[in-house]
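*Asks:* Next up is a structure, given as structure tokens.
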Amino acid sequence: MPYAPEHDELPNPLRVGLRADSVPEPCALVVFGASGDLAHRKLIPALYNLALTAHLPAALGVVGVSKSEYTHEQYQEDMREAVGQFSRTKPVDEDVWRDFAGGLRYVPGAFDDDSTFQRLAGTLEELDRARATRGNRLFYFATPPSTFPVLLRQLQKHRMIRPPGEARFTRVVIEKPFGRDLASARALNRMVLEVMDERQIFRIDHYLGKETVQNLLVFRFGNTIFEPIWNRNYIDHVQITAAEELGIESRGRYYEEAGILRDMIQNHVLQLVSLTAMEAPAAFDADAVRDEKVKVLRTISPLEGPEAVAQRVVLGQYTAGQIAGNDVPGYREEKDVAKGSRTPTFAAIKLNVDSWRWDGVPFYLRSGKRLPKRLTEIAIQFRKLPHALFGEGAAAPNTLIVRVQPEEGIALRFSAKVPGERYRPRTVSMDFRYGTAFAAASPEAYERLLLDALRGDQTLFTRKDEVEAAWKLVDGILQTIEAPDAPPPFPYEAGSWGPRESDELLGRDGRAWRRP
Amino acid sequence: MSLSIGEPISGGQAARGWDEMSTRFDGGIDLGKIRALLQQAKDRGGSPGETISAFNLVAIYFSPAAYERAQAALEAAGRLHPSRLLVLIAEPHAEGESVAARVSVVRSGGAVSLERIVLTAQGGGVRHLESALLGLLVPDLPVVVVWGGRPEGALLRRAVDMADRVIIDSGTRPPQALADVGAMLARGAPIGDLAWARIFPWMSLAAEVLDVPNLREHRGKLKSARVICAGGIGSEGVLLAGWFASRVKKARVELVTGREPEMDSAMPGAGDGTSITGLPSATPLGKGQIAVFEFTAPPASFTLRREKSVLVAEVRGDDDGEILHRLRLPPETPGRLLGLELKLLAGQDELYAAAVQAAVKLLPQSGS
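Chain order of the listed sequences is A and B.
Each residue of the first sequence is one higher than the last, beginning at 15 in my numbering.
Each residue of the second sequence is one higher than the last, beginning at 61 in my numbering.
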């Protein structure tokens, strides 16, 4: 949905029926935080790959802004190196890079310094002339949340934000975390909406750019056979796991502030819950899809107060252990982490979605650092057989597993007869793997999301009410666990699947975690 | 009937990465043997794994050379879209009455994602191809035929009747051949065309400029269009003109021969009639290909022209002054065009059908 006509204009006679993807309008993309990790590893390599596959308009300019002192040429060289290192396609096509780099500029300076924005304005005008970017602007905040207010104020002060509906567009992409609790998210939303319209705001959660996450919508609403059984009549429970082998690397300072609830649960994991539990949207457009997603978040029973949290939430913190045969330190031994830190690095949560479809079907969520392997999956556990025709326990309940990463795909586990005389069932797996079925390499999540932002398609971006509904859920837990008298997180050994209390969370319901 | 079965070609070495098995029939075809070969080819990978197929891709050629030229594109498209690839090479004028079968599979992540069966029939053996094809299709899956011959004749008509989609390349033929295509389309034939896929960037850019907010006002004022082809009129140019004429019914549309391209290249359609499937002609500019596309919405005029690998649109006469819009042409990879056409697995592309019908009406003036 790259372009929506105004109600009073003639339809484009040349657009009707075209199968070719629409290339975005000319635009200057401004990356704040241009010398940072995200720009090096993700944003510039993603833009290069979009240029390589002819998805970008030739009339594109990119301006990096950050404190580091670079000239245009030095920044181009630095980014060329980053693309060589981090691009998913190699080797780098020098012709494409040269053309792309021809529109790459750099403005050094502090965000609270007016002169930075004066020089930025000059550079953008120069790009409008040199690259025909025509005054269209996409501002990308690849910076810590604390900088968002100052960036918004400066953009407004320097008249870089145009209202929606003008011939020249202005959009802003805001990286997660969007706030650190419900109050700050609301305050940030208020501030953003004071200077621009919701249609101009693209709150990014890169999980939504992943092919498998988008495929969940196609899988559910593009087939007739799954939707009739996608409810409490057939499904016993749902397990969502987002596990990482890595610890916090060099991000101790950030992680001490964030913890697993802000880093993973509030955004990525709740997005997966929404997509799994949502009703079919009336249409496949940004608002219809997001309307249904936000309804799910609003129907989840709140987790508020020590008793509810104790019953339905287990938090953990990793201690020293082994990952893939290597010794790794405990969380409290990591750099920039307090010795007595109570920051959770693991969470297991039981959610109840109070809706007609999901009544009585718990959603168990689990996410953590330093778990045995990197993996994100949604497992739909179907009900037990009503009658054990082949003997009690002979046939295991069916499971449908949506693997988000790695080895993106879908597997269905079902019973089949073991060859021989007797009726002995065994569970087998029917496995669909994206990499096998579609040999084309999937684009990086940032490629898809940057392209959508350039096109103005908000379907895969989080709306104001959605982000606040997600925070509201997590806020209840945060208020409880961050109270001075709250118990510390349970320790778990690095390389394990979390604290034993996490198993008990399901064990109390007569269930167990899958071993992915 | 002589039969050699299970002997891999190249002395047991995989050919070009394919684990290929071959056999030959000198009177009739034993489909059971071909299926057995296919199974053997699958078993050679150790664990049999699963086979994933989205459709049957049937490619029909009239010389081994034509298939050789198309092979990279077919394989690339076949890998992108898991399928059973059935290649039929008919050499009716060759001596003998034999049919040679080559069978191979491609694996991806342990599963078989492409099964390839190549049947080459000589002389009287050609008559077995059609029944063999019907016996080797994967049931229930769509059938897409890639037709490498002239867009005419009984065999093509039967392919059109049987297939969910037939993909031709009118760019390898004189533009007058579009009249035959138009006749089949008028009867509802589900024809796709690689020449059509080649002009997607032109159509896309033309549409883009009318999506630009300050240029939308010109949408209702489109009056004329002109397609200039380099050194002679090619099918792509005729299709582009036809597309515009079908979209803007009252517009005056003309086809013009411009100056020769700087780099020598074959005139499309004037060769031996073999397909150049998968070798998109975007760069360099070849004889007969589109050099400039102009259309007017007075007082504004829009000029789209190719500058190496970039399409450039210039707008003059608009009250906002001159406007420049650029679109990079897609990279030239084997199978890209076929992949674009395979996005539609059944039925007729109505936009294409309308463009061809309009293009046919423009053909008498195409000799200028």
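Heads up, the beta-carbon is just placed ideally off N, CA and C, and yes, glycines get one too.
Keep in mind the model is a prediction, meaning the values are calculated, not measured.
Under 9 Å, do residue 247/A and residue 424/A count as touching if we go by C-beta distance?
*Replies:* Residue 247/A sits at position 233 when you count from the first residue of the first sequence. Residue 424/A sits at position 410 when you count from the first residue of the first sequence. Contact flag unset, no.
*Asks:* Report the option in 284/B, 294/B, 299/B, 215/B whose CA atom is closest to the CA atom of residue 252/B.
*Replies:* For the purposes of this step, residue 252/B is taken as residue 192 along the second sequence, with counting starting at 1. Checked all of 284/B, 294/B, 299/B, 215/B; the closest Cα to residue 252/B is 299/B.
*Asks:* With burial defined as no fewer than 16 other Cβ atoms inside 10 Å of the residue's Cβ, what is the status of residue 370/A: buried or exposed?
*Replies:* Residue mapping note: residue 370/A aligns to position 356 of the first sequence, counting from 1. Looking at its Cβ environment, which holds fewer than 16 other Cβ atoms inside 10 Å, residue 370/A is exposed.
*Asks:* Would you mind telling me which residues of chain A sit closer than 7 Å to residue 280/B, beta carbon to beta carbon, in chain order?
*Replies:* Your numbering for residue 280/B matches position 220 in the second sequence. Chain A residues near residue 280/B: 24.
*Asks:* Would you mind listing the alpha helix (DSSP H) stretches within the stretch 121-189 of chain A that are 4+ residues and don't spill past its ends, in chain order?
*Replies:* Runs found: 128-145, 162-171.
*Asks:* Does the Cβ-Cβ distance between residue 306/B and residue 355/B come in under 9 Å?
*Replies:* Walking along the second sequence from the start, residue 306/B turns up at place 246. Walking along the second sequence from the start, residue 355/B turns up at place 295. No, these two residues do not count as a Cβ contact at 9 Å.
*Asks:* Counting only C-beta atoms, is residue 411/B closer than 9 Å to chain A at any point?
*Replies:* By 1-based counting over the second sequence, the position of residue 411/B is 351. It does; some Cβ of chain A falls within 9 Å.
*Asks:* What's the C-alpha gap between residue 270/B and residue 67/A?
*Replies:* Position 210 of the second sequence, counted from the start, is the residue given in the question as residue 270/B. Position 53 of the first sequence, counted from the start, is the residue given in the question as residue 67/A. About 23 Å.
*Asks:* Is it a yes or a no for the stretch 379-386 of chain A touching the stretch 252-264 of chain A, going by three-plus beta-carbon pairs under 8 Å?
*Replies:* Yes: the two stretches touch, three or more of their Cβ pairs being nearer than 8 Å.
*Asks:* In its own chain, which residues sit with a C-beta less than 6 Å from the C-beta of residue 154/A, not counting the 5 before and 5 after it?
*Replies:* The sequence position of residue 154/A within the first sequence is 140, counting from 1. The answer, listed in chain order, is 45, 187.
*Asks:* Would residue 129/B pass as an interface residue toward chain A - the criterion being a Cβ-Cβ separation below 9 Å?
*Replies:* The count along the second sequence starts at 1 and reaches residue 129/B at position 69. Cβ-Cβ to chain A under 9 Å: no for residue 129/B.
*Asks:* Whose C-beta lies closer than 6 Å to the C-beta of residue 209/B among residues of the same chain, with five residues either side of it excluded?
*Replies:* Within the second sequence, numbered from 1, the residue matching residue 209/B stands at position 149. So the list reads 122, once near-sequence residues are dropped.
*Asks:* Starting from residue 124/B, find everything on chain A with Cβ-Cβ shorter than 7 Å and list it in chain order.
*Replies:* In the second sequence, counting from the first residue as 1, residue 124/B sits at position 64. Neighbours of residue 124/B on chain A: none; closest Cβ ~26 Å, over 7 Å.
*Asks:* Using beta-carbon positions only, say whether residue 509/A and residue 389/A come within less than 9 Å of one another.
*Replies:* Indexing the first sequence from 1 puts residue 509/A at position 495. Indexing the first sequence from 1 puts residue 389/A at position 375. No, the pair does not count as a contact, with Cβ atoms beyond the cut-off.
*Asks:* Along chain A, which residues have their Cβ under 9 Å away from the Cβ of residue 247/B?
*Replies:* Counting from one through the second sequence, the residue named residue 247/B turns up at place 187. None at all; the shortest Cβ gap to chain A is about 21 Å.
*Asks:* For a test of the three-state rule: what should DSSP assign to residue 56/A, helix, strand or coil?
*Replies:* Numbered from 1 along the first sequence, position 42 holds the residue referred to as residue 56/A. Looking at residue 56/A - three-state DSSP - the assignment turns out to be helix.
*Asks:* With DSSP as the reference, please indicate the residues paired to residue 251/A in a beta bridge.
*Replies:* Here residue 251/A corresponds to residue number 237 of the first sequence, with the count starting at 1. Its beta-bridge partners are 395/A.
*Asks:* Compare the C-beta of residue 377/A against all C-beta atoms of chain B and say whether one is closer than 9 Å.
*Replies:* Within the first sequence, the letter at position 363 stands for residue 377/A. Chain B contact via Cβ: absent.
*Asks:* Under 9 Å, do residue 225/B and residue 395/B count as touching if we go by C-beta distance?
*Replies:* In the second sequence, counting from the first residue as 1, residue 225/B sits at position 165. In the second sequence, counting from the first residue as 1, residue 395/B sits at position 335. Not closer than 9 Å, so no.
*Asks:* Kindly list, in the order they appear in chain B, the residues whose Cβ is closer than 7 Å to that of residue 31/A.
*Replies:* Working through the first sequence from its first residue, we reach residue 31/A at position 17. The contacting residues are 410, 411.
*Asks:* Quick one: measure Cβ to Cβ for residue 9/A and residue 300/A, integer angstroms, because I've assumed they're closer than 8 Å.
*Replies:* Outside the shown range of chain A, which is 15 to 530, sits residue 9/A, and nothing can be said about it.
*Asks:* Candidates 140/B, 315/B, 158/B, 185/B: which alpha carbon is nearest residue 290/B's?
*Replies:* Residue mapping note: residue 290/B aligns to position 230 of the second sequence, counting from 1. Checking every option, the nearest Cα to that of residue 290/B belongs to 315/B.
*Asks:* At which residues does the beta strand (DSSP E) containing residue 263/B begin and terminate?
*Replies:* Counted from its first residue, the second sequence places residue 263/B at position 203. Where residue 263/B is concerned, there is no enclosing beta strand (DSSP E), although the alpha helix (DSSP H) it sits in stretches over 260-271.
*Asks:* Within 9 Å (strictly less), CB to CB, does residue 70/B reach chain A?
*Replies:* Counting from 1 along the second sequence, the entry for residue 70/B is found at position 10. With a pLDDT of 25 at residue 70/B, under the threshold of 50, the modelled position of this residue cannot be trusted; read the value that follows with caution. So no, residue 70/B is outside the interface.
*Asks:* Answer with buried or exposed for residue 297/A, where buried requires no fewer than 16 other C-beta atoms within 10 angstroms of its C-beta.
*Replies:* Here residue 297/A refers to the residue found at position 283 when the first sequence is read from its first residue. Counting Cβ neighbours within 10 Å, residue 297/A comes out exposed, since fewer than 16 surround it.
*Asks:* Figure out for me which residue from 206/B, 100/B, 192/B has the closest Cα to the Cα of residue 126/B.
*Replies:* For the purposes of this step, residue 126/B is taken as the residue at position 66 of the second sequence. The option with the nearest alpha carbon to residue 126/B is 206/B.
*Asks:* Could you give the residue range of the beta strand (DSSP E) that holds residue 431/B?
*Replies:* Any question about residue 431/B goes unanswered here, given that chain B covers just 61 to 428.
*Asks:* Return the residue from the list 398/B, 371/B, 410/B that minimises the CA-CA distance to residue 37/A.
*Replies:* Counting from 1 along the first sequence, the entry for residue 37/A is found at position 23. The residue with the shortest Cα to Cα distance from residue 37/A is 371/B.
*Asks:* Quick check: the stretch 454-470 of chain A against the stretch 274-290 of chain A, are there 3 or more CB pairs under 8 Å?
*Replies:* With the cut-off at 8 Å, the stretch 454-470 of chain A and the stretch 274-290 of chain A do not touch.
*Asks:* If you measure from the beta carbon of residue 102/A to each beta carbon in chain B, is any gap under 9 Å?
*Replies:* Position 88 of the first sequence, counting from 1, holds the residue named residue 102/A. With 9 Å as the cut-off, residue 102/A does not count as an interface residue toward chain B.
*Asks:* How would you write the range of the alpha helix (DSSP H) that residue 416/B sits in, first residue to last?
*Replies:* On the second sequence, residue 416/B is found 356 positions in, with the first residue counted as 1. Run containing residue 416/B: 410-422, per the alpha helix (DSSP H) assignment.
*Asks:* For residue 327/B, which three-state DSSP category applies?
*Replies:* Mapped onto the second sequence, residue 327/B falls at position 267. Any reading at residue 327/B needs caution, since the residue's pLDDT is 36, under 50, leaving its predicted position unreliable; the model's value is listed next. The answer is coil: DSSP assigns residue 327/B none of H, G, I, E or B.
*Asks:* Below 8 Å on the Cβ atoms is my guess for residue 250/A versus residue 397/A; work out the distance and round it to an integer in Å.
*Replies:* Residue 250/A sits at position 236 when you count from the first residue of the first sequence. Residue 397/A sits at position 383 when you count from the first residue of the first sequence. Sure, about 5 Å apart at Cβ, within 8 Å.
*Asks:* Quick check on this structure: which residue in 399/B, 233/B, 378/B has the alpha carbon closest to the alpha carbon of residue 348/B?
*Replies:* Numbered from 1 along the second sequence, position 288 holds the residue referred to as residue 348/B. The shortest C-alpha separation from residue 348/B is found at 233/B.
*Asks:* For a quick check, are the C-beta atoms of residue 147/B and residue 179/B less than 9 Å apart?
*Replies:* As a position in the second sequence, residue 147/B is number 87, starting the count at 1. As a position in the second sequence, residue 179/B is number 119, starting the count at 1. Yes, the Cβ-Cβ distance between residue 147/B and residue 179/B is below 9 Å.
*Asks:* So which of 114/B, 237/B, 131/B has the shortest CA-CA distance to residue 173/B?
*Replies:* On the second sequence, position 113 is the one that residue 173/B refers to. If we check each option's Cα against that of residue 173/B, 114/B comes out closest.
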